[in-house]
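Asker:
Structure follows, in structure tokens:
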């Protein structure tokens, strides 16, 4: 059951579509703007999984130590405008999915996801381009935005992790 749940989860997560996003932050008295787009998941691995029994509910599938590699394009403006490519590596990704067990009208067993949570330990971004250092100027804002976008996609993305 654990291997099958992990296989289904990996299959569904491999179809994650990362939406474009943009933001801004203040550095001193100057507003810096950034955007990330054309993001594609290049690699996704779920190395460790575990299923545990949740009394009166069903099962809980827990994935730990997962990682995702994404690449795409960036644009930024802070005194000068610049653009380029980026590689992103998410490490220490933990995913937990609750599975309610039941049966349909004919008595066949059913599994329905009840909740999903996600946590990211580390995000590493490598940017390229003539002014790639520009993204480093507001790294904390970019890091937070990337974490939020990835966590949201894992929990609620169009890959529909909530329906097995």
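In my numbering, the protein residues as written are 4 to 167.
Beta carbons are placed, not taken as given, at the ideal position from N, Cα and C, and that holds for glycine.
Given the structure is predicted, the values throughout are model-derived calculations rather than measurements.
1. When you compare each of 95, 93 and 75 to residue 86 by their alpha carbons, which one comes out closest?
2. Is it buried or exposed, residue 69, if we count other Cβ atoms within 10 angstroms and call 16 or more buried?
3. Can you give me the C-alpha to C-alpha distance between residue 97 and residue 55, rounded to a whole angstrom?
4. Taking the CB atoms as reference points, tell me whether residue 156 and residue 19 lie closer together than 7 Å.
5. Note down the Cα distance separating residue 102 from residue 33, rounded to an integer number of angstroms.
6. In the DSSP assignment, find the unbroken beta strand (DSSP E) run with residue 140 in it and report its ends.
7. Just grab the DSSP bridge partners of residue 113 for me.
8. Between 23, 94, 61 and 39, which lies nearest to residue 130 when the distance is taken from Cα to Cα?
9. Grouping DSSP H, G and I as helix and E and B as strand, with all else coil, what is residue 98?
Answerer: According to the structure data:
1. Residue numbering aside, residue 86 sits at position 83 when the chain shown is read from its first letter. Of 95, 93 and 75, the residue nearest in Cα terms is 75.
2. The count along the chain shown starts at 1 and reaches residue 69 at position 66. Per the 10 Å Cβ criterion, buried.
3. Taking the chain shown and counting its residues from 1, the one referred to as residue 97 is at position 94. Taking the chain shown and counting its residues from 1, the one referred to as residue 55 is at position 52. If I take the Cα positions, the gap works out to 15 Å.
4. If you number the chain shown from 1, residue 156 lands on position 153. If you number the chain shown from 1, residue 19 lands on position 16. Result yes, Cβ atoms of residue 156 and residue 19 sit closer than 7 Å.
5. Here residue 102 refers to the residue found at position 99 of the chain shown. Here residue 33 refers to the residue found at position 30 of the chain shown. Cα-Cα distance, rounded: 48 Å.
6. As a working mapping, residue 140 is identified with position 137 in the chain shown. Element bounds for residue 140: not the beta strand (DSSP E) but the alpha helix (DSSP H), 136-140.
7. Here residue 113 is taken as the residue at index 110 of the chain shown, counted from 1. In DSSP, residue 113 forms a bridge with 105.
8. Numbered from 1 along the chain shown, position 127 holds the residue referred to as residue 130. Minimum Cα distance to residue 130 is reached at 39.
9. Counting from 1 along the chain shown, the entry for residue 98 is found at position 95. The answer is strand: DSSP assigns residue 98 an E or B state.
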